[in-house]
Amino acid sequence: MGGLARRVSYIKAFKQRSNLEVPALFVDAGNLFSDDRAIGDQLSAELMTKNKWVVKEYGNSHHDAANIGYPDLPYLGELLKKDGYDKRVEEYPFIERLISANIQPVDDQRRAPAPYVIREITLKRGAPGQKIRVGIVGFTEAKQINNVDKQIVYGGFRVGDIFEAAKRVLPELKQKTDFIVALAYMPQDQTQRLASENPEIDTIIGARALNSLDEPQHFNRATIAYAYNQTKYLGEMRVYVRNDGTVENQVNRYVALDAQIPDDLTALEAVTAAHNEFTTEQNKSANSQFGGSHGTNALENATLSPFVGGATCAGCHAAEDEIWSKTRHAHAMATLENKNQQFDNECIRCHVVGFEKGGFQSLITTPQFANVQCESCHGAGREHAGNPGGKPYGQVVTPAGCTQCHAPPNDPDFDLAVYWPKIRHGSKEPIASVKVP
Amino acid sequence: MRRKISLLIMAVFVAGLATINHGCSRSQDSDAEDSRLDFDLSDPKLKERLGEDDGYAFAVMYGADVHGSLETCG
Numbered sequence: 000m001g002g003l004a005r006r007v008s009y010i011k012a013f014k015q016r017s018n019l020e021v022p023a024l025f026v027d028a029g030n031l032f033s034d035d036r037a038i039g040d041q042l043s044a045e046l047m048t049k050n051k052w053v054v055k056e057y058g059n060s061h062h063d064a065a066n067i068g069y070p071d072l073p074y075l076g077e078l079l080k081k082d083g084y085d086k087r088v089e090e091y092p093f094i095e096r097l098i099s100a101n102i103q104p105v106d107d108q109r110r111a112p113a114p115y116v117i118r119e120i121t122l123k124r125g126a127p128g129q130k131i132r133v134g135i136v137g138f139t140e141a142k143q144i145n146n147v148d149k150q151i152v153y154g155g156f157r158v159g160d161i162f163e164a165a166k167r168v169l170p171e172l173k174q175k176t177d178f179i180v181a182l183a184y185m186p187q188d189q190t191q192r193l194a195s196e197n198p199e200i201d202t203i204i205g206a207r208a209l210n211s212l213d214e215p216q217h218f219n220r221a222t223i224a225y226a227y228n229q230t231k232y233l234g235e236m237r238v239y240v241r242n243d244g245t246v247e248n249q250v251n252r253y254v255a256l257d258a259q260i261p262d263d264l265t266a267l268e269a270v271t272a273a274h275n276e277f278t279t280e281q282n283k284s285a286n287s288q289f290g291g292s293h294g295t296n297a298l299e300n301a302t303l304s305p306f307v308g309g310a311t312c313a314g315c316h317a318a319e320d321e322i323w324s325k326t327r328h329a330h331a332m333a334t335l336e337n338k339n340q341q342f343d344n345e346c347i348r349c350h351v352v353g354f355e356k357g358g359f360q361s362l363i364t365t366p367q368f369a370n371v372q373c374e375s376c377h378g379a380g381r382e383h384a385g386n387p388g389g390k391p392y393g394q395v396v397t398p399a400g401c402t403q404c405h406a407p408p409n410d411p412d413f414d415l416a417v418y419w420p421k422i423r424h425g426s427k428e429p430i431a432s433v434k435v436p
Numbered sequence: 000m001r002r003k004i005s006l007l008i009m010a011v012f013v014a015g016l017a018t019i020n021h022g023c024s025r026s027q028d029s030d031a032e033d034s035r036l037d038f039d040l041s042d043p044k045l046k047e048r049l050g051e052d053d054g055y056a057f058a059v060m061y062g063a064d065v066h067g068s069l070e071t072c073g
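Chains A and B supply the protein sequences, listed in that same order. Position one of the first sequence corresponds to residue 0 (numbering that gives the first Met the number 0), numbered consecutively onward. Position one of the second sequence corresponds to residue 0 (numbering that gives the first Met the number 0), numbered consecutively onward.
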């Protein structure tokens, strides 16, 4: 599901269907760039490469604006450095469409992003010939460190108060425009507060790694809709206009970007080139980071991890191991390797044992935890392996235990009754809730 | 006289071509590319994704959280 090549393709089909009668703006509500494993404000070479391709291709595919979410700040710190800025903008014009009303650089080494952009569209329906100026403004929360504290300064920028910034910027934007779209990277209660306190806003697009396709909400004058995580579903807010040019209504819908949407070939070429360059950088990084020392790391990881790996399980559960070895779970990492995604954290977590929980780290340091093994579903097994007759171990609650990874955006065809027979194992039916034909 | 008329016709023709190619300013720079679109809109799957065209005047397409990836996993 998802991906730039399908998004671009859908928007082209959308325009063709309306004979170019319906102008469409394309916005991103935040978290465009990766800050994974940033050390302080420093990003690795491979992440710099990955992010560079995003800013390049969002420009090439005619996105109108992108809100700066807090994960974007480390890379934004590179893009908005005053030194070499004009040359960077010449190469990647989309830099000037990265917006935020509530972040400011902490020193004079970097420029502040624009708080908003204004796009003018000419209507062919409702009030044909009328021009509508659409203001697009962005806000983000600060990075949450724990349940209480936030990291106000990140990537060379200070994240200011959202609601103060809104009171400062929105009246000015209202003077210049006919319709305001606010992009909000923050929890839903804060998004609702933004709408409640600011009657200038017509539409809010909220985001924060949400996996929901809920109906839009209405607060004050604003219609609020939320973007789906990773844009696996594309949001489409339709705006209806009366003959006098005023907005009559807004209707939200989500478009599943699945295999029914063909890839745009130009965008696909760019995605492939980005992927290849990213993979090359990752391989370089992995070799320099782990070269010559992985024996020690592997030993440390093996003794410190709460996971033991399938080979240990097989010592007592040989029959189950034999069944597992013939399933797709046993080759889950190969699926990623075939697409050169074996280093992508967003992908890895569903293809290994215990990622970010003391299990899999990388193919070089922890190869024993690659693939979906026993402990991916049954949980960390070191304690059980040390004392098999001790605490009960291994019950899997279904379907919740499966749908953490086999969720609709990853696996729209998932059906437990169909999938379970493919991996059925154990001397008795271990999952009471499964109804297998 | 005939030469002048020919020059005038030529000038009008060139001016017309220039107007067609450059005379209409566009606020959306993607329009030129979009004029070459070629989807089979009768495909029922694509029709389902596009939904019904019920007269809306404009649209805001949106996404978020791509987190550095132009593609998704697997």
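All C-beta atoms in this analysis are idealised placements derived from N, C-alpha and C, irrespective of residue type, glycine included.
Notebook entry, point to check: Would you call the CB atoms of C404 (chain A) and C349 (chain A) closer than 7 Å?
Noted result: yes
Notebook entry, point to check: Are C312 (chain A) and C373 (chain A) close, meaning C-beta to C-beta below 7 Å?
Noted result: yes
Check: Which residue's Cα is closest to the Cα of T222 (chain A): A:E247, A:A208, A:L209 and A:F162?
Finding: A:E247
Note to self: Between L70 (chain B) and chain A, is the shortest Cβ-Cβ distance under 7 Å, so that the two count as touching?
What the structure shows: According to the sequence provided, residue 70 (chain B) is Glu. The question's Leu does not apply to it. Yes, its Cβ sits closer than 7 Å to a Cβ of chain A.
Next item on the list: With distances taken Cα to Cα, identify the nearest neighbour of K283 (chain A) among A:M332, A:K14 and A:A44.
Entry: A:A44
Next item on the list: Mind checking which residues open and close the beta strand (DSSP E) that includes A58 (chain B)?
Entry: F57 to G62
Checklist line | Interface flag, D64 (chain B) vs chain A, CB-CB below 7 Å | finding: yes
Next item on the list: Could you tell me whether any Cβ in chain B is nearer than 7 Å to the Cβ of K149 (chain A)?
Entry: no
Item checked: Which listed residue (A:V180, A:V152, A:F32 and A:I151) has its alpha carbon closest to that of A165 (chain A) -> A:V180
Next item on the list: Assign M236 (chain A) to one of three DSSP states: helix, strand, or coil.
Entry: strand
Notebook entry, point to check: Could you give the distance in angstroms between the alpha-carbon of D28 (chain B) and the alpha-carbon of H61 (chain A)?
Noted result: Caution applies to D28 (chain B), whose pLDDT of 43 falls short of 50 and renders its modelled position unreliable; the model cannot decide the point.
Next item on the list: Show which residues of chain B have a CB atom less than 9 Å away from the CB atom of E235 (chain A).
Entry: G50, A58, V59, M60 and Y61
Next item on the list: Could you tell me whether the segment 115-125 of chain A touches the segment 142-149 of chain A, where touching means 3 or more Cβ pairs closer than 8 Å?
Entry: no
Margin query: Excluding the 5 residues flanking G380 (chain A) on each side, which residues of the same chain have their C-beta closer than 6 Å to its C-beta?
Written below: V307 and E374
Check: Ordered along the chain, which non-local residues of its own chain (more than five positions away) have a Cβ less than 6 Å from that of A113 (chain A)?
Finding: I98
Notebook entry, point to check: Thinking just about the alpha-carbon of each residue, which of A:D414, A:D82, A:D63 and A:P391 is nearest to the one in T397 (chain A)?
Noted result: A:D414
Note to self: For the pair the segment 224-236 of chain A and the segment 253-261 of chain A, tell me if three or more CB-CB distances fall below 8 Å.
What the structure shows: yes
Check: Buried or exposed: G39 (chain A), going by 16 or more other Cβ atoms within 10 Å of its Cβ?
Finding: exposed
Checklist line | Integer Cβ distance of H328 (chain A) from V371 (chain A), believed to fall under 8 Å | finding: 4 Å
Checklist line | Alpha carbon of G294 (chain A) to alpha carbon of V352 (chain A), nearest angstrom | finding: Reliability of the predicted coordinates at G294 (chain A) is poor, the pLDDT of 45 falling under 50, and the value obtained from them is presented with this limitation in mind. Their Cα atoms are separated by approximately 20 Å.
Notebook entry, point to check: What does a CB cutoff of less than 8 Å around R167 (chain A) pick up in its chain, not counting 5 residues either side in sequence?
Noted result: A100
Next item on the list: Give a yes or no on whether 7 Å exceeds the smallest Cβ distance from G154 (chain A) to chain D.
Entry: Although the question refers to chain D, the structure presented lacks it and instead comprises the protein chains A and B.
Next item on the list: Spatial neighbours of G442 (chain A) within its chain, please: CB distance less than 6 Å, with the 5 preceding and 5 following residues excluded, ordered by chain position.
Entry: What the structure shows of chain A is the stretch from 0 to 436, and residue 442 (chain A) is not part of that stretch, so it cannot be assessed.
Next item on the list: Specify whether the segment 266-277 of chain A and the segment 44-53 of chain A touch according to this definition: at least 3 beta carbon pairs, one from each stretch, less than 8 Å apart.
Entry: yes
Next item on the list: Taking 7 Å as the cut-off, decide whether the C-beta atoms of L78 (chain A) and F156 (chain A) are in contact.
Entry: no
Item checked: Simplified DSSP state of Q15 (chain A), which is helix, strand or coil -> helix
Next item on the list: Just the C-alpha distance for H158 (chain A) and A224 (chain A), rounded to the nearest angstrom, thanks.
Entry: This sequence places Val at residue 158 (chain A); His is not what is there. Going by the C-alpha atoms only, they are around 23 Å apart.
Check: If we ignore side chains and look at the alpha-carbon of each, how far apart do L264 (chain A) and R124 (chain A) end up?
Finding: 31 Å
Item checked: Residue range of the beta strand (DSSP E) that includes E247 (chain A) -> V246 to A255
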